Amino acid sequence: MRGLSRWAFTAVVGLMGSTLAHAQEPTGAAFGPGEQAQYRVRYLGLTAGTATVTVGAPMTQWGQSVWPIVSTAKSDDLVGVYPIKSRFVTYWDAGARRVTGSDLHSEENRKRRRQRIQLSADGAGAKVIKQKESDPPRESEHTLPEGTLDVAGATFALRGQELVVGRSYAYPVFTGSKQFTMSATVEGRETVTTPAGARDAWRVRVHTDFGGKLESKRDMVAYLSADAHQVPVRIEADFALGTVVAELTDYKPGRVVAVARADNSGD
């Protein structure tokens, strides 16, 4: 069971919570400050931990007004793995509908590490700072496709789109060490039952390009509620080290906030 590690939480919580999508107009306010979704995470059929995704109050980061999207995860002490705690914050610019950067703080087997990513204004570059325990921080610069997001940001961007059966959406994603295109195809609608109850949901097939322990045997499947919020209610992922399922246990919508859309026309 030690194979659970942080890799399971990183990918699945990131999905809780581009080319085609950037060309479409968003449907409206699918989420806002105060929104909170709680999940039960199961690994190889056993309850492995819990995760919570919260949209925080507006704040300023790197001179930009952003909403912090905070994803936290904690392993269950009863499943026989060493303790895992993780906190990932995506800084979401609601006006421009882009990610300005992120902060990761994790503790695995009482060993801490952190990672900070600061994206350029056009999302075409990133400065990354990584640090383990008492080691000195390591900095690196990366050139990326314009409009690059992280996994959590891509998921929230998808939630703002008009989901249509048969339509595909694609987002350039950067993890801090790897860049790839995350694509999502809406396959249909069905009723999904989780601990939070039964909901009508969109079935979305998600293709990623993680490597190593995060390499997928097949595409992930995400179920997003077929309502105004389009919140993930169930995520199924089959990785190299086993199957992980995250199910919604509780959901509180956020407040609707009027956001002035950024003018990127260059006029």
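Start counting the sequence shown at 27; every next residue gets the next number (the working numbering). C-beta atoms are modelled at their ideal positions from N, C-alpha and C, and glycine is treated no differently. Here the structure is a predicted model, which means the values were calculated and not measured.
Where residue i falls, given that 16 or more other Cβ within 10 Å makes a residue buried
i: Met246; result: buried
i: Thr78; result: buried
i: Ala254; result: exposed
i: Ala224; result: exposed
i: Asp161; result: exposed
i: Leu250; result: buried
Through-space distance from residue j to residue i, alpha-carbon basis
i: Val115; j: Arg215; result: 30 Å
i: Asp226; j: Glu165; result: 45 Å
i: Lys137; j: Gly71; result: 27 Å
i: Ala152; j: Gly173; result: 11 Å
i: Ala47; j: Lys158; result: Low per-residue confidence applies at Ala47: pLDDT is 34, beneath 50, and the placement is therefore not dependable, though the value from the model is reported in the following sentence. About 36 Å.
i: Gln50; j: Gln187; result: With a pLDDT of only 38 at Gln50, under 50, the local geometry of the prediction cannot be trusted, and the value read off the model is given with reservation. So the alpha carbons of these two residues sit roughly 7 Å apart.
i: Thr98; j: Arg244; result: 26 Å
i: Ala150; j: Gln87; result: 18 Å
i: Glu133; j: Ala74; result: 16 Å
i: Leu274; j: Arg185; result: 16 Å
i: Gly89; j: Asp148; result: 15 Å
i: Tyr65; j: Ala272; result: 6 Å
i: Lys204; j: Leu170; result: 10 Å
i: Gly268; j: Ile261; result: 14 Å
i: Gln252; j: Leu145; result: The question names Gln, but residue 252 in the sequence shown is Ala. Approximately 32 Å, taken between the alpha carbons.
i: Val218; j: Ala266; result: 26 Å
i: Tyr277; j: Val125; result: 23 Å
i: Val67; j: Pro163; result: 31 Å
i: Pro221; j: Ala120; result: 30 Å
i: Asn135; j: Phe57; result: 34 Å
Same chain, Cβ closer than 8 Å to residue i, neighbours up to 5 away in sequence not counted
i: Leu59; result: According to the sequence provided, residue 59 is Pro. The question's Leu does not apply to it. Counting only Cβ-Cβ distances below 8 Å, and skipping sequence neighbours, we find Val81, Gly82, Ala83, Pro84, Trp93, Gly280, Arg281 and Val283.
For residue i, the nearest candidate out of the options (CA to CA)
i: Ile155; options: Arg142, Ser146 and Pro162; result: Arg142
i: Arg113; options: Ala178, Tyr277 and Phe265; result: Ala178
i: His168; options: Arg185, Arg139, Thr201 and Tyr195; result: Thr201
i: Thr76; options: Ser91, Glu61 and Lys111; result: Lys111
i: Asp129; options: Gly121, Asp119 and Arg140; result: Arg140
i: Thr181; options: Ala63, His131 and Pro258; result: Pro258
i: Ile209; options: Thr220, Tyr195, Ala222 and Pro221; result: According to the sequence as given, residue 209 is Ser; it is not Ile. When only C-alpha atoms are compared, the closest one is Tyr195.
i: Ile95; options: Glu61, Pro109, Asp102 and Ser101; result: Glu61
7 Å Cβ shell around residue i - same chain, five flanking residues per side excluded
i: Ala183; result: Ala47, Arg123, Leu175 and Tyr197
i: Phe206; result: Val199, Thr234 and Asp235
i: Ala248; result: Leu41, Val230, Val232, Pro258 and Ile261
i: Ser91; result: Pro84
Chain B within 7 Å of residue i, Cβ atoms only
i: Arg139; result: Structure shown: chain B not included; a single protein chain is present.
Same chain, Cβ closer than 6 Å to residue i, neighbours up to 5 away in sequence not counted
i: Ala55; result: Val282
i: Val191; result: Val212 and Gly214
i: Gly127; result: Tyr117, Ile143, Gln144 and Leu145
i: Leu189; result: Val212 and Trp228
Checklist entry - What are the complete alpha helix (DSSP H) segments, minimum 4 residues, inside the segment 129-204? => result 177-185
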